[in-house]
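Just so you know, the protein sequences line up as chains A and B, in that order. Residues in the first sequence are numbered from 812 upward in steps of one, following the numbering used here. Residues in the second sequence are numbered from 122 upward in steps of one, following the numbering used here.
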Amino acid sequence: MNATPLLSVRDLVVEFPTRRGTLRAIDKVSFDIAEGEVLGMVGESGAGKSLIGAAIIGLLEPPGRIAGGEIRLRGERIDTLAAEPMRRIRGKRIGMVFQDPLTSLNPLYTVAEQLIETIRTHISCSEREARERAVALLDRVGIPAAARRINDYPHHFSGGMRQRVVIALALAAEPDLVIADEPTTALDVSVQAQIIDVLKEICAERGASVMLITHDMGVIAETADRVAVLYAGRLAEIGPVRDVIQNAEHPYTRGLMGSIPTLTQTETRLVQIPGSMPRLDAIPPGCAFNPRCPQVMDRCRSDRPGLVQRGGRREVSCWLYEAAEKEARHG
Amino acid sequence: MVDTVLQVERLTRTFDVSKPWLNRVLERDEKQFLTAVDNVSFGIERGETFALVGESGSGKSTIAKLIVGLLKPTHGTIAFDGQPMSFESGAAMRNLRRRFQMIFQDPFASLNPRWRVGEIIAEPIRTFGLASGADVSREVARLLEVVGLSATDAGKFPHEFSGGQRQRIAIARALSSKPEFIVCDEPTSALDVSVQAQILNLMRDLQDEFGLTYLLISHDLSVVRHMANRIGVLYLGRIVEVADAKRLFTDPQHPYTRMLLDAVPDLALSGRRRTPVTGEIPNPINPPTGCTFHPRCPHVMDICKREAPPQTATATGAAACHLLTEPALPE
């Protein structure tokens, strides 16, 4: 496993300067995405999951800025690129799917015009070839009568169909990485399942890696190979989906998993984490989770835990495991 | 003896969605109607949680509004504790009004931002003359503590609270008129899962403490599974199946119920095989003929396209499907 990962994020820091001081929205987050891998990025509102996606594709809204760390795509730094080379990477090498399909589609152009423009911007081919590719793509993402419907405007499509068009658009230039930010949150559950399946299959076919940003652990469970859990702009835990879901190590992840009602459970009460996530201007010293943690120790209130390597490609940011690891080393 | 709190009989509500008169004349269009709720009947027993579950456009929120009197039914009757609800105000209606309350989805929209929390909770107490003078503020303080806030919060404004805390305030206000029955319209859809767990636990505690009856409206099957005793499944304004909660999840009778259950992401990672979901919800202005689910149904027969299926009794409820009246049931 020494191959260069497709995407490597190291100690990423995103800050927002405000009149009352600088807010650190992303605080030293590191992770890799391997070729062909689906990485889930999960967290509650305000945890910073969308900001990480925006930072990678260079679309942070000012005054937000990357204040530290580095982002590499196949070993090449992309966080320091100027606007124009970054624009060529977006779309060509990194595709994007957002929550609301209408923000990705221009209402004034037909789907054909938008797809053909995207294809011809990034791939040199004739208009006719581009159209053929576009129809094939639409057909692949499950739009019935694609050859006819390609001439429709976005408002002619239903919500689920629009999201399929956006997926086609994101994949039009055959990117290496697709960043999908809450791609199914606006959709009904029966449509959500279809969109997740399409996204997963089509990316697997083309060997594209996916970074799937969502608040829904169920979607992650169905889709991702690994999952990263964010809390207050920091990485709490990262590891293979099955391990994290069935045997969470960070107390926050455990609380989060226990608070999700499932179809099979019989308990009458859900596990509840007291309180709520701190605001960015009031992140406690030490571990950001310490005021809500049922297993808090003195050390958690003063020192911030680093990511501890655990077995099986898992990393956890918690003092509980630092201690265990030391004991194992000395004992 | 069954003690029915709410009895809904053949409830129907249509909305006029026609174009303006001049357009109709010029374009020779006819008037168009959308039947949001179509001949819906159900009863809710004292102390139980009855849930209505459905996707967008299924009419679940319209039913909630009809029950609390925010909309008038086109046909059908609603009886509360044996007394039919009239939609003209009067002393009897006013007395009935006190006994049911509603909690809305968006706690950012349902609380007046210019009022202090104390005033918001005190309003129903004063309106219904349940207390006066210093007793009002004592009652407000008690209610705030019942929902897990502090008595000193009465002097604050809604914007000083997080989403979960606001929903607690909305619950305190709903409780302030000492109701027996509360309509909860997507009470946790706007909240993060860890906060959702807090609110769902609170709703259960309050039900035990005050003997409340809930009508829970939700699109989230796992929330419904966790909270409800009985469940009604809505599709395009009609109830397709009613059953005990447990039974509905272990032995769904209607093909739509089965499809919905299959679409829920599988957090248990059981690797269960699922039937792929097909199609999307049709336009409710021109619903399909016969059984409105027939274009998406894997078991569709000729009769489904012609005739709307009647409600057929099942083990713990009823379902509207021609398969149930056919001699040979497919597995």
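Backbone N, C-alpha and C fix where the C-beta goes; we use that ideal spot for every residue, glycine too.
Cα-Cα separation, residue i to residue j
i	j	result
D124(B)	P279(B)	38 Å
A389(B)	T435(B)	29 Å
P309(B)	L192(B)	The amino acid occupying residue 309(B) in the given sequence is Thr; Pro does not appear at that position. Cα to Cα, T309(B) sits roughly 23 Å from L192(B).
K140(B)	E151(B)	9 Å
M812(A)	S1113(A)	A caution first: M812(A) carries a pLDDT of 48, below 50, which makes its placement in the model unreliable, though a value can still be read off. If you take the alpha carbons of M812(A) and S1113(A), they lie about 36 Å apart.
V1119(A)	L1081(A)	29 Å
G832(A)	A1043(A)	17 Å
E872(A)	D890(A)	14 Å
G1117(A)	G1123(A)	18 Å
V267(B)	V314(B)	22 Å
D341(B)	P1089(A)	27 Å
R149(B)	H933(A)	47 Å
L1041(A)	C1098(A)	13 Å
L355(B)	L817(A)	45 Å
A941(A)	I927(A)	5 Å
G438(B)	P408(B)	25 Å
H415(B)	H443(B)	10 Å
Per DSSP, cross-strand counterpart(s) of residue i
i	result
Y1042(A)	R1045(A)
S1020(A)	L988(A)
C305(B)	I224(B), L337(B)
L296(B)	In DSSP, L296(B) forms no bridge with anything.
Y356(B)	R359(B)
P1105(A)	Bridge partners of P1105(A): none, in fact.
D843(A)	S819(A)
Q128(B)	G164(B), A200(B)
P1051(A)	R1037(A)
A434(B)	A439(B)
V1127(A)	E1048(A), V1119(A)
V908(A)	A991(A)
Exposure label - residue i; buried when at least 16 CB within 10 Å
i	result
G203(B)	exposed
A1004(A)	buried
L143(B)	exposed
P431(B)	exposed
A213(B)	exposed
E452(B)	For E452(B), the predicted model reports a pLDDT of 48, less than 50, meaning its position is unreliable; a value from the coordinates is still stated below. Exposed is the call here.
G1142(A)	Residue confidence for G1142(A) is low, a pLDDT of 46 falling below 50, so the modelled location carries little weight and cannot support an answer.
E281(B)	exposed
D274(B)	buried
P205(B)	exposed
G353(B)	buried
N1101(A)	buried
Cβ shell of residue i (< 7 Å), same chain only, five flanking positions each side left out
i	result
I241(B)	L232, N233, I290, R294
I320(B)	G285, Q288, P308, T309, L312
T334(B)	V126, I165, R167, G168, E169, E301, F302
T183(B)	R134, A157, V158, L192
P194(B)	L132, T133, R134, L187
V189(B)	F221, M223, V304
G868(A)	Contrary to the premise, residue 868(A) reads as Ile rather than Gly in this sequence. So the list reads R901, I905, M907, I990, once near-sequence residues are dropped.
R951(A)	I1013
T815(A)	R885, G886
I1084(A)	G1066, S1070, R1103
P1072(A)	L1081
V1009(A)	V952, G953, R975, I978
Residues near residue i by beta carbon distance below 8 Å, same chain, minus five either side
i	result
I246(B)	A252, V257, E260, V261, S297, S298
T929(A)	G902, L980, A983, A984
H966(A)	P918
Y1132(A)	E1060, V1119, R1121
Within chain C, the residues that residue i reaches when beta carbons sit closer than 7 Å
i	result
S856(A)	Included in the structure are the protein chains A and B, with no chain C among them.
Same chain only: Cβ atoms within 6 Å of residue i, ignoring 5 sequence neighbours per side
i	result
N962(A)	T921, A923
L445(B)	T433
R427(B)	G411
A878(A)	V824, E826
L270(B)	R289
Check: residue i C-beta below 7 Å from any heavy atom of the ligand ATP
i	result
T1075(A)	Looking for the ligand ATP in the displayed structure turns up nothing, as the structure carries no ligands at all.
Along the stretch 1026–1059 of chain A, what residues have a CB closer than 9 Å to any CB found in chain B? The stretch 1026–1059 of chain A vs chain B, Cβ under 9 Å: H1026, D1027, M1028, G1029, V1030, I1031, A1032, E1033, T1034, V1052, R1053, I1056, Q1057.
Any residues in the stretch 162–175 of chain B with a beta carbon nearer than 8 Å to a beta carbon of chain A? Which ones, in chain order? Those would be none; no residue qualifies.
The stretch 369–389 of chain B: which residues have C-beta closer than 8 Å to a C-beta of chain A, in chain order? In summary, the residues of the stretch 369–389 of chain B whose CB is separated from some CB of chain A by less than 8 Å are F370, M380, L381, L382, D383, A384, V385, P386, D387, L388, A389, in the order they occur in the chain.
Could you list the residues in the stretch 281–307 of chain B with a C-beta less than 9 Å from some C-beta on chain A, going in chain order? Hits within the stretch, in order: S283, G284, G285, Q286.
What residues from the stretch 1059–1072 of chain A come within 7 Å of chain B, judged by C-beta to C-beta, listed N to C? Within the stretch 1059–1072 of chain A, the residues whose Cβ lies closer than 7 Å to some Cβ of chain B are G1066, L1067, S1070, I1071, P1072, listed in chain order.
Going along the chain, which residues of the stretch 338–367 of chain B sit with their C-beta nearer than 7 Å to a C-beta in chain A? Under the 7 Å Cβ criterion, the stretch 338–367 of chain B contributes H340, L342, S343, V344, R346, H347.
Within 9 Å of chain B by C-beta, residues of the stretch 1000–1021 of chain A in sequence order: Hits within the stretch, in order: V1000, S1001, V1002, Q1003, A1004, Q1005, I1007, D1008.
Please list, in chain order, the residues of the stretch 318–331 of chain B that have any C-beta partner in chain A closer than 8 Å. Flagged, chain order: A318, Q319, L321, N322, R325.
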